[in-house]
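**Q** First residue of the sequence shown? That's 22 in this note's numbering, and the numbers climb one at a time after it. One structure coming up, written as structure tokens, with questions to follow.
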Amino acid sequence: MKSLIKDLVESYGPAGFETEITDKIAGLVKEYVDECYVDTLGNLIARKKGTGKKVMFSAHTDEIGVVITYIDEDGFLRFSNVGGLNPLTLLGNRVRFANGVIGVIGREKGELKDLSIDKMYIDIGAESQEEAQAKVSIGDFAVFHREFADLGNRIVAKSLDDRIGCAVLIEAIRRLDQSEHDLYFVFSTQEEVGLRGARTAAYGINPDLGIALDVTRTGDTPEAPRMDVSLGKGTAIKVKDSSVIAHPKVKNLMIRLAQENNIKYQLEVLEAGGTDAGAIHLTRDGVPSGTISIPCRYVHTVSEMVDMRDVENSIDLVLAICRDSLSEF
Ligand code: CO
Ligand code: ZN
């Protein structure tokens, strides 16, 4: 499974340009499902047909990145954010464009506390504007460039938000033994810029319940903000974030199934941040929705960290939902 995760996280997929990821995932899951298609906004939807409830699972394929806004006379690139970026985590890091060009992020002089993205630039090693323009154009998107690292129980990589959610769904699809339900596994697009892919996917599917899989923050590092989620203490069942209050029926279903199946879990209240469930639950006349979160340190940096035991617990919870009668929906 770690090699699957390595392959997913090292791929290129900023919001709006997810086809490298969705193509890979389609290749991995299509033999296990009845239907596999890509919709207008690029969401990959893998469907396992059934006669029970319509269940939509969603994990986003896109990652945070940058978009080029200006190329100056010396060949330095100015950029804007794609998704949420903290300028302090960008310094010295590298970005990679779709064509493979690598750049380093630097900054103008000034106080670090005043650092903002408009005081930063990307250096692709060009010696002139012409040389830079031959490699990169205005509007080109880049992702952060960093390799996967295996620390044992824990792994570190860029874009574990949310390729780890994708990996959970891929593994669940492969391990799924029985389910009476009509299961839609959505590998959604453009989450990082406003939960956009999941919105149209949910409208098209019109599910009886929706479950997002995504990372959440933790409170288990030195002087961390108080938050009762830790790496290695189990899958996190979301109670609330800024995009959704988990529907009580969905939250209680997940708690019951975790308890019945001895799946290690923790309850999560995330003060700022959202997931695809924020879009799914507001679809049509409302969809009962919740989120299975994978605890993650250093979210939205090039070194996101998760614990593989929490990943396994998350797969088990997805499978338990698929096997349940879901009679309350
Ligand atoms: Co994110
Ligand atoms: Zn995410």
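Don't be surprised by glycine CBs; every beta carbon is placed ideally from N, CA and C.
Assign Ser310 to one of two classes, buried (16 or more other C-beta atoms within 10 Å of its C-beta) or exposed (fewer than that).
**A** Your numbering for residue 310 matches position 289 in the sequence shown. It is buried - the Cβ of Ser310 has at least 16 other Cβ atoms within 10 Å.
**Q** Thinking C-beta only, is Gly173 closer than 8 Å to His81?
**A** Along the sequence shown, one-based indexing puts residue 81 at 60. Along the sequence shown, one-based indexing puts residue 173 at 152. No, they are not a contact pair.
**Q** Nearest to Gly124 by alpha carbon, out of Gly86, Leu133 and Lys134?
**A** For the purposes of this step, residue 124 is taken as residue 103 along the sequence shown, with counting starting at 1. Out of Gly86, Leu133 and Lys134, Gly86 has the C-alpha closest to the C-alpha of Gly124.
**Q** So that I know if they touch, is there some Cβ in chain D lying closer than 8 Å to that of Gln211?
**A** In the structure shown, chain D cannot be found, because there is only a single protein chain.
**Q** How is the alpha helix (DSSP H) around Leu190 delimited, first residue to last?
**A** Taking the first residue of the sequence shown as 1, we reach residue 190 at position 169. Leu181 to Arg196 is the extent of the alpha helix (DSSP H) around Leu190.
**Q** Could you give the residue range of the alpha helix (DSSP H) that holds Tyr33?
**A** Stepping through the sequence shown from its first residue, residue 33 is reached at position 12. Unbroken run through Tyr33: none, as it is neither H nor E.
**Q** Relative to the ligand CO, is the shortest distance from any of its heavy atoms to the C-beta of Gly191 smaller than 7 Å?
**A** In the sequence shown, counting from the first residue as 1, residue 191 sits at position 170. Contrary to the premise, residue 191 reads as Ile rather than Gly in this sequence. No, the Cβ of Ile191 stays beyond 7 Å of every heavy atom of the ligand CO.
**Q** If contacts are defined as beta-carbon pairs under 8 Å, then Glu281 and Val260 qualify, I think. What distance do you get, rounded to the angstrom?
**A** In the sequence shown, the residue the question calls residue 281 occupies position 260. In the sequence shown, the residue the question calls residue 260 occupies position 239. In fact, because the Cβ distance is near 20 Å, the residues do not count as touching under 8 Å.
**Q** Alpha carbon to alpha carbon, what distance is there between Gly96 and Gln154?
**A** Position 133 of the sequence shown, counted from the start, is the residue given in the question as residue 154. Position 75 of the sequence shown, counted from the start, is the residue given in the question as residue 96. Rounded to whole angstroms, Gln154 to Gly96 spans 8 Å at the Cα level.
**Q** Going by CA-CA distance only, name the one from Pro316, Gly295, Glu244 and Thr256 that's closest to Ser264.
**A** Locating residue 264 in the sequence shown gives position 243, counting from the first residue. The residue with the shortest Cα to Cα distance from Ser264 is Gly295.
**Q** Quick one: measure Cβ to Cβ for Val214 and Val103, integer angstroms, because I've assumed they're closer than 8 Å.
**A** Mapped onto the sequence shown, residue 214 falls at position 193. Mapped onto the sequence shown, residue 103 falls at position 82. About 7 Å; that satisfies the 8 Å criterion.
**Q** Using DSSP's beta-bridge definition, name the partner residues of Glu235.
**A** To locate residue 235, count along the sequence shown from 1; it is residue 214. In the sequence as displayed, the identity of residue 235 is Asp instead of Glu. Answer is Ser314, bridged to Asp235.
**Q** Which of helix, strand or coil does DSSP assign to Gly160?
**A** Here residue 160 corresponds to residue number 139 of the sequence shown, with the count starting at 1. The answer is coil: DSSP assigns Gly160 none of H, G, I, E or B.
**Q** If I measure Cβ to Cβ from Ser180 and keep anything under 6 Å in the same chain, skipping five residues before and after, which residues do I get?
**A** In the sequence shown, the residue the question calls residue 180 occupies position 159. Contacts found: Val30 and Glu84.
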